[in-house]
Structures are given as C-alpha cells and as structure tokens.
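Numbering (our numbering), first residue to last: 1020 to 1253.
Using N, Cα and C, we set each Cβ at its ideal position, and we do this for glycine too.
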C-alpha cells in the first residue's frame, strides 16, 4: 500500500482493523499523526465512518482529505458484526466495561429456545441505547449521567436487523452474527436478548466484519500502515 501526500489530501478511503481497547477517536488521531509525520505536513482532514466501542475490534473506515465528505454516506450503510453474548448475568454497560450487577438462572435454557428467541429481534424493532453511550441528552453524554449515578430516561428508537444468526451455543456463551442498520447497538441487543430468555445477558466480545461492501478481510492493521508510511518517508 503506497500513497503520495497529494493522494491523501485529494482523498482516500482506508480500511482499518481496529485493535482492542482503542477508541475510534484514538485510531483516527494516530493515523492523522502518522500521515503528517511521513509527509511533513501541518494539516490534513481525517475522520472515521462509524464509532466502534473500545472493547470491539474490526472494520473502521477512515477517510482522508476530500473523501471526509463521504463519511455520512458510509455511516448509513448496513453493518455486519460477529460476537459473543454471555447469558445468566447483566452489567450496567451491557458489556465488560462494567462489573456484573445481577445474576440469573440458566438451567431452563436450551438450543431451541435460544434459536427461537432471535425471531423477535429481526426486522424493524424498537431499541433503547445503553446508558453507557456517547449519545447526548440535555447537552450531556449519556455515560456522564451513568458514571455520576444519575437516572436518565432514554427513549426507544427504531432500528432494523436484517439477520440475527446464532452460530454456536456453548452455555453460558452464545456466539452470533448480525446484520443491522445504522444506529443499532449490539450491546442493547445482547441485553434485550438475555431479558427475552429470562436469563439476563451481556456482550463479552464484538467484531465488526462488514460495512456495506467493505469487508474487514481487506482491512490493514495500524502496524502495517505505519510500516508502509515509514517506507514513504525513506
């Protein structure tokens, strides 16, 4: 992968495999810094098309230069995720960012029940975003209310889930693949799925595999991108 300074400024669509424990913002900042350093330029536009939580990995589209104008277009495309839901326990953040706050029985669970429950989460559904999210209410991020221990009412919103496939069951873990619209929170899906099974549930792993026609199989690691830019510097 080789680009010139002018190509980055004119605009590129870069596919990255976001590493675990990185925010999307951190990755954008790192990419911007690497480009500026490699070509000794003071300013270049860099942005991403759709946030991934720090505990998620996978496809992050990063646009440079004039292609940052296409970010909204990419964000609106259908996304695919794979991941793992742990049944029998809930957390306030609906994932592993926070500690388990309640446990539930799982003895009643079996494959047919789990598979059958996916039906109520396909099509156009109402979903509440997690309180531990960056959405704003009254000028504050929802996670600010959550971390301060303040109760906040979050309205439901309609999202579309075109596919919800259970790929493996190894209780208490359930592995899945989901195709969904912009604005869908997989953490909320995990929480609601556990609730529907009367067992509670939270997300323990998440990976974004596709955005529209873009596939994580074609993505580059940050390390390989850095190596490519060092070659450009030489």
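If the criterion is Cβ atoms closer than 8 angstroms, does the pair residue 1223 and residue 1103 meet it?
In contact: residue 1223 and residue 1103 (Cβ atoms closer than 8 angstroms).
Are the beta-carbon atoms belonging to residue 1097 and residue 1181 less than 8 angstroms from one another?
Yes, the pair counts as a contact, with Cβ atoms nearer than the cut-off.
To which residues of the same chain is residue 1031 closer than 8 angstroms at the C-beta, ignoring the five residues directly before and after it?
Residues of the same chain with a CB within less than 8 angstroms of the CB of residue 1031, apart from the 5 flanking positions on each side, are 1022, 1082, 1083, 1084 and 1086 in chain order.
Residue 1083 bridges to which residues according to DSSP?
Beta-bridge partners of residue 1083 (DSSP): 1031 and 1065.
How long is the line joining the alpha carbons of residue 1254 and residue 1099, rounded to whole angstroms?
The displayed coordinates of the chain run from 1020 to 1253. Any statement about residue 1254 would go beyond what the structure contains.
Run the CB neighbour count on residue 1209, radius 10 Å, all protein chains shown included, and call it buried at 16 or more, exposed below.
Around the beta carbon of residue 1209, 16 or more other beta carbons sit within 10 angstroms, so the residue counts as buried.
Taking Cβ to Cβ, would you say residue 1118 is nearer than 8 angstroms to residue 1110?
Taking a C-beta distance under 8 angstroms as the contact criterion, residue 1118 and residue 1110 qualify as a contact pair.
Within 8 angstroms, strictly: CB atoms of residue 1202 and residue 1227
No, they are not a contact pair.
To the nearest angstrom, how far is the alpha carbon of residue 1233 from that of residue 1198?
Cα to Cα, the separation comes out at about 13 angstroms.
Rounded to whole angstroms, what is the Cα-Cα separation between residue 1211 and residue 1059?
If you draw a straight line from the Cα of residue 1211 to the Cα of residue 1059, it comes to about 49 angstroms.
Measure the CB-CB distance between residue 1193 and residue 1173 and report whether it falls below 8 angstroms.
Going by beta carbons, residue 1193 and residue 1173 fall outside the 8 angstroms limit.
Using DSSP's beta-bridge definition, name the partner residues of residue 1103.
For residue 1103, the beta-bridge partners assigned by DSSP are 1194 and 1224.
Residues near residue 1256 in its chain [Cβ-Cβ closer than 8 angstroms; skip 5 each side]:
There is simply no residue 1256 to check, as the chain begins at 1020 and stops at 1253 in what is shown.
Specify the secondary structure class of residue 1143 as computed by DSSP and reduced to three states.
In the structure shown, residue 1143 sits in a strand (DSSP, three-state: E or B).
Assigned secondary structure, residue 1043 (DSSP; H/G/I helix, E/B strand, else coil):
Correct three-state label for residue 1043: helix.
Considering only DSSP beta bridges, list what residue 1049 is partnered with.
In the DSSP secondary-structure assignment, residue 1049 is not bridged to any residue.
Please go through the same chain and pick out, in chain order, the residues whose beta-carbon is closer than 7 angstroms to the beta-carbon of residue 1034, but skip the five residues on each side of it.
Result list for residue 1034: 1078, 1080, 1233, 1237, 1238 and 1239, in chain order.
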